[in-house]
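One structure is given below, encoded as structure tokens.
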Amino acid sequence: MDLLLLRSFVTVVDTGNFTRAGERLHLTQSTVSQQVLRLEQSLGCRLLDRGPRHVVPTEEGERLLGYAQRLLRLAEEAREALSPVQGDSALRLGVPEDLGGEALMPLLSRFSSERPRLRLEVECGLSHHLLRLYRAGELDLVLVKQWGADSDCHARWPEPLCWLDSAANPVTRKPGAEALPLVVFPVGALYRQEMIRAVEAQGRRWRVSYSSTSLASLGAAVRAGLGVSLLPVGSVQSGHRVLTEAEGFAPVGGLELVLYARSELDSTGRALRDRLVESCSRRAASRARER
Numbered sequence: 235m236d237l238l239l240l241r242s243f244v245t246v247v248d249t250g251n252f253t254r255a256g257e258r259l260h261l262t263q264s265t266v267s268q269q270v271l272r273l274e275q276s277l278g279c280r281l282l283d284r285g286p287r288h289v290v291p292t293e294e295g296e297r298l299l300g301y302a303q304r305l306l307r308l309a310e311e312a313r314e315a316l317s318p319v320q321g322d323s324a325l326r327l328g329v330p331e332d333l334g335g336e337a338l339m340p341l342l343s344r345f346s347s348e349r350p351r352l353r354l355e356v357e358c359g360l361s362h363h364l365l366r367l368y369r370a371g372e373l374d375l376v377l378v379k380q381w382g383a384d385s386d387c388h389a390r391w392p393e394p395l396c397w398l399d400s401a402a403n404p405v406t407r408k409p410g411a412e413a414l415p416l417v418v419f420p421v422g423a424l425y426r427q428e429m430i431r432a433v434e435a436q437g438r439r440w441r442v443s444y445s446s447t448s449l450a451s452l453g454a455a456v457r458a459g460l461g462v463s464l465l466p467v468g469s470v471q472s473g474h475r476v477l478t479e480a481e482g483f484a485p486v487g488g489l490e491l492v493l494y495a496r497s498e499l500d501s502t503g504r505a506l507r508d509r510l511v512e513s514c515s516r517r518a519a520s521r522a523r524e525r
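Going by the numbering used here, the first residue of the sequence shown is number 235, and it counts up by one from there.
Okay, here's the thing in structure tokens:
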């Protein structure tokens with residue numbers, strides 16, 4: 235198959251429009267249309283349904299799309315493998331703290347060892363800070379926690395939360411407490427506002443007893459009995475006790491783990507993007523089975 239024709243076909247599907255595909259490929263709209271027509275003629279089937287405003291693949295086009303994308307990736311990898319060394323390439327990834335430890339380390343280690351010329355730079359931190367870096371062009375890919383993904387996200391998965399108290403020294407069972415002590419991230423961080431809103435919706439008074447940017451530090455504070463917190467299900471440890479709705483702690487849903495990736499990523503960046511999708515999908519499936 236002609237890779238030039240396949241690239242035009244894939245770009246039209248990605249953009250949903252011949253004009254936008256031409257802009258991305260630096261070709262005229264008519265040239266892109268002619269290339270897709272040549273591909274259809276060579277395969278003997280119609281690949282696209284051409285609507286007045288939007289173009290979508292036919293059933294045959296959907297079947298071809300995966301093959302076309304793989305062929306184009308393979309061709310680019312071959313070119314990169316045979317090209318002279320131009321120096322180390324860099325790939326910048328942002329991940330939230332609870333994924334920056336053991337969850338992603340094996341994946342990132344294998345990925346780097348397979349590509350000795352790659353300089354992988356990983357930024358670990360709070361989601362709102364990571365997303366700001368991505369929007370500023372300082373990261374190539376980013377995994378963040380959001381209450382609603384932006385329209386340009388590449389993939390998204392549900393991220394269940396739970397209310398936690400200390401198993402050994404629970405503050406919710408201490409008599410005479412005037413205000414519920416909360417263990418929170420700093421002002422502006424992801425879970426803090428939702429946690430406070432949920433507590434106030436129950437008509438309860440509250441106070442901040444412990445604040446930190448570190449998820450591990452928050453988990454330790456809860457274990458020690460400094461207060462309750464709203465944290466990801468994956469951060470539950472043996473010293474924690476999960477609080478229930480019957481105890482006055484209603485479930486908080488709607489949080490998502492979201493992957494953003496730049497459209498101009500090279501084959502190495504797309505390979506990391508695809509591995510992150512696979513890893514996060516397995517993680518979400520495992521959480522669903524546990525529930």
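Ideal Cβ positions, reconstructed from N, Cα and C, are used throughout, including at glycine.
On the DSSP bridge assignment, give the partners of residue i in chain order.
i: Lys379; result: Leu491
i: His474; result: Ser400
i: Leu416; result: Val442, Val462
i: Gly359; result: Pro330
i: Val456; result: The partner list for Val456 (beta bridge, DSSP) is empty, contrary to what the question assumes.
i: Arg353; result: Ala324
i: Leu395; result: Pro466
i: Val511; result: Looking at the DSSP assignment, Val511 forms no beta bridge with any residue, so it has no partner.
i: Pro291; result: Leu282
So is residue i buried or exposed if we call it buried at 16+ other beta carbons inside 10 Å?
i: Val476; result: exposed
i: Asp386; result: exposed
i: Thr502; result: buried
i: Ala519; result: exposed
i: Tyr425; result: buried
i: Thr245; result: buried
i: Leu534; result: This structure gives no information on residue 534, because the portion of the chain shown stretches from 235 to 525.
i: Cys514; result: buried
i: Asp374; result: buried
i: Gly488; result: exposed
i: Ala324; result: exposed
i: Leu364; result: buried
i: Ala435; result: exposed
i: Leu316; result: exposed
i: Gly328; result: buried
i: Val378; result: buried
i: His288; result: exposed
i: Val247; result: buried
i: Gln320; result: Confidence at Gln320 is low in this model, with a pLDDT of 47, below 50, so the placement of that residue should be treated as unreliable; the coordinate-derived value is given next. Classification of Gln320: exposed, given that the 10 Å Cβ count is below 16.
Roughly how many whole angstroms lie between the Cα atoms of residue i and residue j?
i: Val270; j: Pro291; result: 12 angstroms
i: Asp236; j: Trp381; result: 43 angstroms
i: Arg241; j: Leu299; result: 10 angstroms
i: Gly371; j: Leu282; result: 34 angstroms
i: Pro394; j: Leu277; result: 46 angstroms
i: Leu454; j: Arg390; result: The sequence given here has Ala at residue 454, not Leu. Spanning the two alpha carbons is a distance of roughly 29 angstroms.
i: Cys279; j: Thr249; result: 21 angstroms
i: Leu460; j: Ile430; result: 16 angstroms
i: Thr253; j: Val376; result: 29 angstroms
i: Arg516; j: Leu360; result: 23 angstroms
i: Pro492; j: Glu357; result: Looking at the sequence shown, residue 492 is not Pro but Val. Answer to the nearest angstrom: the Cα atoms are 16 angstroms apart.
i: Gln263; j: Leu333; result: 43 angstroms
i: Pro402; j: Arg326; result: It is Ala, not Pro, that sits at residue 402 in the sequence shown. Cα to Cα, Ala402 sits roughly 41 angstroms from Arg326.
i: Glu257; j: Arg504; result: 21 angstroms
i: Leu510; j: Glu355; result: 15 angstroms
i: Ser463; j: His260; result: 52 angstroms
i: Arg428; j: Pro330; result: The sequence given here places Glu at residue 428; Arg does not occur at that position. C-alpha separation (whole angstroms): 18 angstroms.
i: Ala423; j: Ser445; result: 11 angstroms
i: Glu212; j: Thr265; result: Here the chain covers residues 235 to 525 and nothing more, so residue 212 does not appear.
i: Pro466; j: Ala495; result: 23 angstroms
i: Thr406; j: Ser472; result: 18 angstroms
Which two residues bound the contiguous beta strand (DSSP E) that contains residue i?
i: Leu325; result: 323-330
i: Val467; result: First-last for Val467: undefined, no H or E at that position.
i: Arg390; result: 389-392
i: Arg280; result: Neither: Arg280 is in no beta strand (DSSP E) and is coded neither H nor E.
i: Pro409; result: Looking at the DSSP string, Pro409 is not in any beta strand (DSSP E), and its letter there is neither H nor E.
Say whether chain D places a C-beta atom closer than 8 angstroms to the C-beta of residue i.
i: Ala480; result: Looking at the structure shown, chain D is missing, and only one protein chain is on hand.
Just reading off the alpha helix (DSSP H) that residue i is part of, what are its end residues?
i: Asp248; result: 237-249
i: Arg349; result: Note, Arg349: premise wrong, no alpha helix (DSSP H); not H, not E.
i: Val433; result: 424-435
i: Arg272; result: 263-277
i: Gly256; result: 252-259
Would you call the segment 399-418 in contact with the segment 431-448, where contact means no fewer than 3 C-beta pairs closer than 8 angstroms? yes
Do the segment 478-485 and the segment 333-349 meet, that is, are 3 or more Cβ pairs less than 8 angstroms apart? no
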